[in-house]
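Worksheet for the structure shown next.
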Amino acid sequence: AHKAIAEAPWRKKIPEEIFLNYILPYAQVNERRDDWRRDFYQRFAAKAQEAETLSRAAVLLNKDVFDVLGVQYHATLRPKPDQSPYESMEAGYASCTGLSILYADALRAAGIPARLVAIPQWKDKSGNHTWVELWDEGWHLMGAAESTALGESWFARHADNIDPQNPLHRIYAASFQKTDLLMPLVWDPDNSYVCGIDVTKRYWEILNKE
841 AHKAIAEAPW
851 RKKIPEEIFL
861 NYILPYAQVN
871 ERRDDWRRDF
881 YQRFAAKAQE
891 AETLSRAAVL
901 LNKDVFDVLG
911 VQYHATLRPK
921 PDQSPYESME
931 AGYASCTGLS
941 ILYADALRAA
951 GIPARLVAIP
961 QWKDKSGNHT
971 WVELWDEGWH
981 LMGAAESTAL
991 GESWFARHAD
1001 NIDPQNPLHR
1011 IYAASFQKTD
1021 LLMPLVWDPD
1031 NSYVCGIDVT
1041 KRYWEILNKE
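The numbers in the numbering used here rise by one with no breaks, and the one at position 85 of the sequence shown is 925.
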């Protein structure tokens, strides 16, 4: 992690607290602990460093990671929702959560701050969803394995699908640093150690402006 950030063109932009919570940690949520960092650094750091900016590097890796590792989305062929990077690579398929874990780990390995963000249930009861945020002088969403621009995704115009008054329909960002809030994990509802941050207000404001 220290090697990746030392080599990154954007190293001077990353505050220490962001590095400590969103690059250095070895896990996103409750996935199996894999020793992925050296492998992913060797696969993706040089590619990321070719980009002129941190955000551009993240967009490039969103395609490169899944092409290189041969993992694609499938709601039923994936063995479980919260797959670790190597579990997804072995299966060849992953849920939105598995894809997000894989992508966020690759970003961290390349010296890019990243974290998982999720909603336990859309207000229209169409299910849950997980995506990635990367930090570039503020947090920006990216849907893992999506060919969209930074800050855009298929759900970006569905402001009516979140509800700040209902915990089920709020949006949460995972935090390795301890917080006063647990990250709701629909695949592991009894989990008592994955912490989170309620980011619903920010998404509500962003989505209602569009």
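Just so you know, even glycine gets a beta-carbon here, dropped at the ideal spot from N, CA and C.
Can you give the Cα-Cα distance for residue i and residue j, rounded to whole angstroms?
i, j, result
"Y1043", "W962", "13 Å"
"E892", "L947", "15 Å"
"D904", "A867", "21 Å"
"G991", "N1001", "18 Å"
"H914", "D1028", "20 Å"
"M929", "D907", "11 Å"
"E890", "I941", "23 Å"
"T970", "I959", "7 Å"
"A823", "L860", "No answer is possible for residue 823: it lies beyond the span of the chain, which begins at 841 and ends at 1050."
"A989", "I1011", "21 Å"
"S966", "H1009", "11 Å"
"V1034", "S1015", "7 Å"
"P1024", "G910", "29 Å"
"P865", "D922", "17 Å"
"T937", "P1004", "22 Å"
In the DSSP output, which residue or residues are listed as bridge partners for residue i?
i, result
"V1026", "Partner(s): none; V1026 has no beta bridge."
"A1038", "Residue identity differs from the one stated: residue 1038 is Asp in this sequence, not Ala. DSSP output for D1038 lists Y1012 as bridge partner(s)."
"Y933", "Q912"
Quick one: measure Cβ to Cβ for residue i and residue j, integer angstroms, because I've assumed they're closer than 8 Å.
i, j, result
"I854", "I845", "6 Å"
"G1036", "L1047", "So it is not a contact: roughly 19 Å between Cβ atoms."
"I863", "A897", "Actually they do not touch by this definition, with Cβ atoms about 13 Å apart."
"A985", "E973", "Actually they are not in contact, since the Cβ atoms of A985 and E973 sit about 15 Å apart, beyond 8 Å."
Would you give the residue range spanned by the alpha helix (DSSP H) that residue i belongs to?
i, result
"A844", "842-847"
"L900", "894-909"
"Q1005", "Neither: Q1005 is in no alpha helix (DSSP H) and is coded neither H nor E."
"G938", "936-949"
"A891", "No alpha helix (DSSP H) contains A891, which DSSP labels as neither H nor E."
"E857", "856-862"
Mind checking which residues open and close the beta strand (DSSP E) that includes residue i?
i, result
"L917", "Where L917 is concerned, there is no enclosing beta strand (DSSP E), given that its DSSP letter is neither H nor E."
"E973", "969-975"
"I959", "954-959"
"L981", "979-982"
Buried or exposed for residue i, please, with buried defined as at least 16 other CB atoms from any protein chain shown within 10 angstroms of its CB.
i, result
"A950", "buried"
"W876", "buried"
"L917", "exposed"
"S924", "buried"
"E871", "buried"
"S935", "buried"
"E927", "buried"
"W850", "buried"
"R886", "Checking the sequence, you will find Ala at residue 886 rather than Arg. A886 is exposed by the Cβ-count criterion."
"G978", "exposed"
Looking at the C-beta of residue i, does it have a partner C-beta in chain B at a distance below 8 Å?
i, result
"Q1005", "Any reference to chain B falls outside this structure, which holds one protein chain only."
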